[in-house]
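Chains as they are written, first to last, in my numbering: chain A, 1 to 162; chain B, 163 to 957.
Contents: one structure, followed by commentary.
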């Protein structure tokens with residue numbers, strides 16, 4: 001079996017994989033990083049969104065072996081160094097932007113990519129951006145609110161709660 | 163304690179830390195040592211006789227441990243149904259066996275034929291392709307009315323017909339209702355379809371089981387809303403395992419909406435297979451499998467009629483509904499269109515006479531069961547559509563016709579003609595609040611603005627009452643339930659003062675770990691941070707019925723409150739001894755026991771410690787320890803109610819519906835955590851809007867499911883929905899549970915669909931479109947507009 005090496009959340013990792021092993025399976029089963037979820041089999045739901053070389057990618061749609069040498073970031077790598085929640089994570093908590101939590105990692109990773117590109121999105125832009133992330137619990141109201149709140153903190157216009 | 167973490171405070175959820183950092187523990191995150199993987203080979207035809215099922219080649223494939231078929235479960239029972247519904251003629255519902263794997267026949271696409279268990283999932287999948295299957299196809303039964311015709315192909319040969327039951331409610335009302343129609347000033351009739359939905363929690367189902375040879379004990383980790391119910395059903399009725407040898411754990415569960423109530427064959431499969439193979443066995447559903455195996459929801463075809471007097475007062479209504487059961491009966495399949503449907507069918511109105519008739523029908527489709535709201539969305543939809551149609555026919559404002567027919571605030575408790583008694587409500591007040599928060603006053607100007615832009619704007623109202631907080635055991639027992647629906651709680655005060663609360667309910671997004679801690683914190687006056695909520699493990703929590711039917715707060719929360727009251731009563735005895743006072747003089751406030759009228763007091767922590775260090779107290783009259791259990795069995799349902807207003811804009815050229823705004827004013831009784839409750843309103847409304855505008859479950863004539871992926875089944879996305887304006891400030895207190903709460907989980911899914919459809923019909927009224935069925939897709943709306951145009955032109 002081929003071996004793949006990559007950086008995941010700042011750590012060098014490697015593992016033997018089958019050619020058909022998806023990135024999400026490598027993360028979940030190979031590295032036991034189970035925060036990245038699988039919610040569908042047609043690349044629609046976005047529960048598996050991670051960052052590959054800084055951009056959001058659906059981890060169910062890329063083979064692990066394609067990512068030799070890549071820099072991958074998952075939900076487990078989103079907290080601050082002291083373990084406290086990052087700005088986007090805190091905004092989701094403060095605005096009740098999650099219920100069952102299953103879509104949440106993908107939402108946070110997707111939002112992080114959006115806000116890295118545009119830290120002052122309109123509500124409409126946030127909703128359009130989330131087109132590839134499905135949530136069945138929240139009706140998106142509080143997810144959108146969370147992302148706009150995180151953007152305000154990033155711009156220095158608002159303080160994170162606590 | 164602060165106001166923040168007592169009842170009424172929007173305490174942030176303690177669950178969120180783990181979910182936001184990727185360390186939640188869902189069932190598929192669990193791997194057990196030596197685990198093998200199961201893959202189900204499923205039928206790709208809807209109906210047929212299995213003439214060949216040869217697994218020998220598959221058993222020789224790499225990594226395969228065993229291939230299971232129905233023969234391996236010959237001794238197992240069928241998956242049970244929890245409710246006995248009796249037909250109008252006194253006969254019992256027809257109840258075919260629902261096997262773990264297909265026995266001789268397949269009856270819906272997705273039914274399990276065989277299961278490969280292998281060292282890896284990939285090996286199991288590969289080997290399943292080597293199973294040889296031949297099925298002699300039979301004509302699939304997919305249309306309910308055709309299914310009931312004489313000579314129709316039967317879904318189950320051994321049954322009399324495809325009619326599961328023909329139920330009347332209340333049958334004694336029927337003659338008086340029919341008589342009222344004979345003499346009524348006006349009769350409004352409406353035929354409609356309540357489209358079949360798929361619940362689609364984002365976490366697919368999963369089950370992992372292991373067996374301990376030394377102790378003969380099984381452990382099942384599963385995606386369930388009610389682990390004790392699964393243990394009872396699977397142990398007692400399917401696999402014959404006593405409770406003492408079966409532990410069921412439902413860890414973090416990623417949404418459910420009803421679809422994870424039922425005991426599924428995959429759970430029984432992995433449990434049995436773990437013992438047969440001597441290895442832990444895991445099965446994880448794919449999304450495609452979820453579409454053909456998770457219980458689906460709704461799917462009613464209804465004719466509803468209202469008799470009115472000359473002023474538009476409701477005199478009587480009657481319904482005839484065909485309810486699709488699918489190919490087999492799941493757990494709540496027969497109660498959903500009957501006792502979860504009929505009692506709420508009168509809505510918030512004082513209609514004196516009512517009769518509900520439901521015919522349940524077997525078809526070669528995926529089994530149908532309770533989906534968020536379960537029966538109440540269906541009865542609310544038909545009534546609220548009918549009310550709008552009656553208003554139009556009689557030229558009465560749709561808001562006014564509702565207002566004049568509401569049960570009045572002074573009329574509670576209100577005995578309906580449909581067996582239930584509403585304990586409290588103020589329907590006029592929630593309607594007023596909805597009109598305020600939806601800015602109804604500005605509607606005419608907004609309509610004019612849309613019109614100037616070539617668009618059609620419409621406003622739709624829907625008001626609703628549900629019977630939830632399932633359920634008074636004595637009442638439902640009389641109605642055919644095979645279980646009680648009380649709830650349990652154990653409150654354990656630990657020696658250093660921290661508290662563990664064990665609840666029989668289960669959270670899968672509702673935030674119980676936070677809200678239930680607030681209940682205890684409020685009663686004891688201590689910080690919620692010292693209170694943990696434990697749920698989801700039959701080895702830890704007392705027997706309880708789980709979470710569905712908006713019951714967790716109203717029944718489970720009430721059990722926690724009752725158990726906490728017992729704790730307070732006993733703690734006062736310890737406190738009285740410690741401060742050398744009479745127990746009757748001891749009061750608890752702000753986490754401190756004080757003696758009335760003195761400065762003597764003892765802190766909560768000292769009382770807790772004393773309970774476990776019984777060196778010096780009257781052990782002859784006071785047992786050590788501070789732990790109490792309560793079972794709460796409600797005496798009545800709870801009756802949350804609300805008024806919803808939806809505003810839409812329709813593009814007449816394309817038929818595209820845009821939901822511009824949605825206002826929900828709900829009466830949930832006392833609210834424990836307003837932030838969480840608002841989130842439940844949002845989510846429920848989103849699912850209701852989804853059903854109204856986007857979602858449909860489509861089978862072709864051969865029983866193939868055409869909408870079995872997120873490419874085909876349109877779940878609402880962020881850009882399909884508006885921001886919601888929700889309110890729960892106008893409330894009346896529930897009179898028969900200790901918290902005064904009413905239940906909020908299902909509200910939005912109940913009230914939203916008619917509000918949306920009424921709004922679209924309001925927009926389309928100028929074009930002559932007065933009836934349309936969900937979902938309101940562009941093609942459906944466009945066709946309705948085109949069909950109405952010749953008629954409008956001729957007028």
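Yeah, the Cβ is synthetic: ideal placement off N, Cα and C, and Gly gets one too.
In this text the structure is predicted, and so the values were computed from the model without any measurement.
For the region 121-143 of chain A, residues whose beta-carbon sits nearer than 9 Å to a beta-carbon of chain B comprise 123, 124, 126, 127, 128, 129, 130, 131, 132, 133, 134, 135, 136, 137, 138, 139, 140, 141, 142 and 143.
For the region 37-53 of chain A, residues whose beta-carbon sits nearer than 9 Å to a beta-carbon of chain B comprise 37, 38, 39, 40, 41, 42, 43, 44, 45 and 47.
Sequence-distant partners of residue 336(B) (beyond 5 residues in either direction) whose C-beta falls short of 7 Å from its own C-beta, in its chain, are 330 and 517.
Inclusion of residue 451(B) and residue 392(B) in the CB contact set at 9 Å is not warranted, their separation being larger than that value.
Interface with chain B (9 Å Cβ-Cβ cutoff): residue 2(A) is excluded. Around residue 75(A), the beta-carbon contacts reaching into chain B at under 8 Å are 182, 183 and 184. Closer than 9 Å at the C-beta level to chain A, one finds these residues of the region 343-370 of chain B: 361, 362, 363, 364, 365 and 366. Short of 7 Å from the beta carbon of residue 827(B), and not among the five residues preceding or following it, lie these beta carbons of its own chain, in chain order: 592, 595, 596, 599, 804, 805, 889 and 892. In this model, residue 603(B) and residue 829(B) are separated by some 22 Å (Cα to Cα). Contact check for residue 529(B) against residue 270(B) passes: the beta carbons are separated by less than 9 Å.
Contacts with chain A (Cβ-Cβ distance below 7 Å) from the region 855-886 of chain B involve 871, 872, 873, 877, 879, 880, 881, 883, 885 and 886, listed in chain order. Listed along chain A, no residue sits closer than 7 Å to residue 173(B) by beta-carbon distance, the nearest being about 11 Å off.
Unbroken alpha helix (DSSP H) stretches of 4 residues or longer found wholly inside the region 325-382 of chain B: 336-345, given in chain order. One finds 182 in chain B with Cβ atoms closer than 8 Å to the Cβ of residue 108(A), taken in chain order. Annotated three-state conformation of residue 487(B) is strand, per DSSP. Counting every other CB atom within 10 Å of its CB across the protein chains shown gives residue 205(B) a total of 16 or more, marking it as buried. Checking the DSSP bridge columns, you'll see residue 568(B) partnered with 511(B). Between the alpha carbons of residue 453(B) and residue 207(B) lies a distance of about 15 Å. Taking residue 320(B) as the centre and dropping the five residues before and after it, the same chain places the C-beta of 258 closer than 8 Å to its C-beta, in chain order. The beta carbon of residue 807(B) sits closer than 6 Å to those of 596, 600, 623 and 825, all from its chain and outside the five residues before and after it, given in chain order. Residue 554(B): member of the alpha helix (DSSP H) spanning 538-556, first to last residue. Here DSSP, grouped into helix, strand and coil, assigns residue 21(A) to coil. Along the region 90-103 of chain A, the positions whose C-beta sits under 7 Å from a C-beta of chain B are 92, 93, 94, 96, 98, 99, 100, 101, 102 and 103, read in chain order.
Each of 703(B), 537(B), 797(B) and 626(B) was checked against the Cα of residue 636(B), and the nearest Cα belongs to 797(B).
Partner residues in a beta bridge of residue 273(B), as assigned by DSSP, do not exist.
Scanning its chain for C-beta atoms nearer than 6 Å, with the 5 sequence neighbours on each side dropped, one finds around residue 629(B) the residues 505, 506, 582 and 799, in chain order. The straight-line gap separating the alpha-carbon atoms of residue 211(B) and residue 232(B) is approximately 14 Å. For the pair residue 97(A) and residue 142(A), the CB atoms are nearer than the 9 Å cut-off. Minimum Cα-Cα distance from residue 261(B) among the listed residues 290(B), 312(B), 748(B) and 396(B) corresponds to 396(B). In the displayed model, residue 90(A) falls within a helix according to three-state DSSP. Nearest in C-alpha terms to residue 47(A), of all of 36(A), 119(A), 144(A) and 80(A), is 36(A). Here residue 739(B) is buried, its C-beta having at least 16 other C-beta atoms within 10 Å. Neighbours of residue 423(B) in chain A, taken as residues whose beta carbon is under 8 Å from its own, are absent, since the nearest beta carbon is some 15 Å off. Within its own chain, the residues whose Cβ lies closer than 6 Å to the Cβ of residue 558(B), once the five positions on either side in sequence are excluded, are 474, listed in chain order. The beta carbon of residue 167(B) sits closer than 6 Å to the beta carbons of 173, 680, 683 and 690 from its chain, once the five residues preceding and following it are set aside; these are given in chain order. For the C-beta of residue 79(A), the chain B residues within less than 7 Å are, from N- to C-terminus, 183.
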